[in-house]
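Letter by letter, the sequence shown follows residues 1 to 350 in UniProt numbering. A short worksheet on the structure shown next.
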Amino acid sequence: MKMGHIGKMTAVLGVSAVLLSGCGLFGPESETSSIDAPPQSQVSADQPNGTVSPDVAVQGSEQAVQQTSDKTVYLLDANGYVVPVSLTLPKSEGPAKQVLSYMVKGGPVESMLQGGFSAVLPAGTEVKGLVIKDGVATVDFSKEFKTYEEKDEKKILDAVTRALTEFSNVKTVQIWVNGTPLTEMPAASTPITQLDRNHGVNLELADGATPGNTSAVTVYFQGQLDDKRTYYVPVTRLVPETADIAKATVEELIKGPKQGSQLFSSLLRTTRVLDVKQEKDLITVNLSSDILKYDDGKEASPEALQSLVLSLTDSTGAKQVQLLVEGKPLASGDFTKPVSRPLQLNPIAF
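The structure is reproduced here in structure tokens:
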């Protein structure tokens with residue numbers, strides 16, 4: 001999978017078609033119909049933020065139900081990495097807009113933060129409109145969206161793109177400001193005609209990789225929140241071009257973070273990749289027994305196994321991962337059978 005950008009001409013033609021249609025892109029009707037949450041009975045496992053729980057309050061003789069749902073927002077950790085965090089928020093008719101509003105500095109997320117986490121979008125930024133159509137999320141920000149430092153440009157793009165593509169009906173993202181589409185960001189002129197998950201997050205170049213001849217894998221390392229709690233950090237690493245993305249993903253996870261990084265991996269570097277196979281939506285990864293060198297060699301680190309599942313499902317798009325050690329399934333625990341990606345990622349109790 002090579003990294004690349006769609007040409008500006010495509011964006012210009014698409015915008016022209018909208019403007020010539022005689023109506024604005026962001027109307028109340030189109031906004032409401034495009035981002036309504038599905039009825040509770042229609043929420044499925046592949047729909048993010050799909051856990052809904054009622055919190056019942058009684059007012060007089062009537063019973064009012066306040067619903068909440070788990071949503072994934074993208075924040076900055078104390079080390080400046082863009083990190084997904086699951087928050088329990090009031091249920092909203094516009095869940096995509098709500099997610100972005102909880103990523104604004106000085107916004108409603110501020111009262112929930114600690115441990116060095118911070119919002120990523122510039123203070124005062126408002127979502128003036130958001131339309132999801134044919135897999136494309138077009139978001140119109142207020143002018144405050146442009147008021148950021150150049151060093152934060154890629155982080156903002158990573159966060160917005162990843163947050164919106166958490167929704168199963170969004171594949172790509174387009175950004176407007178005050179009703180005008182952007183083809184590049186204002187500070188560092190990063191092209192943004194079409195944003196998707198292929199652009200990666202917390203991007204870095206692997207040792208020995210040559211720009212222009214690379215493949216992208218996303219691996220989940222860990223950060224330390226406090227003495228007891230850790231969290232997962234996605235890092236997209238550009239590796240020498242390969243057709244075996246699954247194997248490359250496991251190998252890079254074992255190599256661990258780059259020297260000097262504040263992140264760490266729970267997989268021992270002595271762990272060997274014996275085999276990796278992908279059949280449709282299932283990846284089977286066979287590792288050496290070094291992965292069991294946890295708790296006196298009796299079992300594998302749960303964090304290491306979760307990192308494998310997160311990394312492989314993100315990099316390949318597979319739905320499930322089967323973990324083997326020396327050709328045999330794990331004897332006990334949650335990873336004895338194929339495991340799906342968790343619905344909640346980093347449900348940090350701030």
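Using N, Cα and C, we set each Cβ at its ideal position, and we do this for glycine too. Bear in mind the structure is a predicted one, so any value in this text is a computation, not a measurement.
Apart from the 5 residues on each side of it in sequence, R341 sits with its Cβ closer than 7 Å to the Cβ of V309, L310, T313 in its chain, given in chain order.
Annotation for P108: no alpha helix (DSSP H) segment contains it, and DSSP assigns it neither H nor E. Counted as a single uninterrupted DSSP element, the alpha helix (DSSP H) harbouring I245 occupies residues 245 to 255. Just so you know, the alpha carbons of V136 and T316 end up roughly 21 Å apart. Look at the beta carbons and you see the segment 217 to 237 touching the segment 70 to 88: at least three pairs across the two are nearer than 8 Å.
Beta-bridge pairing by DSSP links N286 to D275, L324. Residues D244, A246, K247, V250, I283, T284, V285, N286 of the same chain have their beta carbon placed closer than 8 Å to that of V276, with the five preceding and five following residues left out of the count. Annotated three-state conformation of L225 is coil, per DSSP. With 16 or more other Cβ atoms from the protein chains shown falling within 10 Å of its own Cβ, N346 counts as buried. Residues D77, A78 of the same chain have their beta carbon placed closer than 7 Å to that of G116, with the five preceding and five following residues left out of the count. Secondary structure of S215 (DSSP, three-state): strand. Residue environment for K280: exposed (fewer than 16 other C-beta atoms within 10 angstroms of its C-beta). Fully enclosed alpha helix (DSSP H) runs of no fewer than 4 residues occupy 95 to 101, 153 to 165 of the segment 85 to 171, in order along the chain. When the alpha-carbon of Q306 is set against those of D290, Y294, D334, the nearest one is in D334. Straight through space, the alpha carbons of P108 and E184 are spaced by roughly 28 Å. Here N202 is buried: its Cβ has 16 or more other Cβ atoms, across all protein chains shown, within 10 Å.
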